[in-house]
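Peer 1: Numbering (my numbering), first residue to last: 16 to 78. Where is the CB? At the ideal position from N, CA and C, for every residue including glycine.
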Amino acid sequence: MNIAIINTRILSFRGNNLGIIDNGAIGITDNQISFVGDMEKFNKQDADIVINGDNHVTMPGLV
C-alpha cells in the first residue's frame with residue numbers, strides 16, 4: 016500500500032541539523048518512508064491513500 020501525506024510542514028533532522036520544508040510531502044511505500052521533500056517534486060498519483068496535512072507539522076521517522 017502506498018500512502019502520501021501532502022501539504023504539510025515537515026521538520027526533518029540530518030545529524031544535528033534541523034530542516035524545515037513548508038509545503039512538503041511524505042511518501043510511504045510498503046510501510047517504509049520512500050520520499051521526504053517538496054510537494055512540487057512529489058507524484059501523489061501513485062498513492063492508494065492521500066492524507067492532507069494542511070495546518071499540521073510532520074516529523075518523518077520520529078520513533
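Can you find the residues in the same chain that come closer than 6 Å, C-beta to C-beta, to G30, ignoring five residues on each side of it along the sequence?
Peer 2: So the list is empty, once near-sequence residues are dropped.
Peer 1: Report the partner residues of A103 according to the DSSP bridge assignment.
Peer 2: The question about residue 103 has no answer here: the residues shown for the chain are numbered 16 through 78.
Peer 1: Give the single residue among I66, N58, V72, A19 whose Cα lies nearest to the Cα of N45.
Peer 2: Note that residue 45 is Asp in the sequence shown, not Asn. The candidate whose alpha carbon is nearest that of D45 is A19.
Peer 1: Go through its chain and collect everything with a Cβ distance to N22's Cβ below 7 Å, but skip five positions before and after it.
Peer 2: If we look at N22 and ignore the five residues flanking it on each side, its Cβ neighbours are N38, M54, N67, G68, D69.
Peer 1: Taking the straight line between their C-alpha atoms, what separation do you get for F50 and K59?
Peer 2: Spanning the two alpha carbons is a distance of roughly 11 Å.
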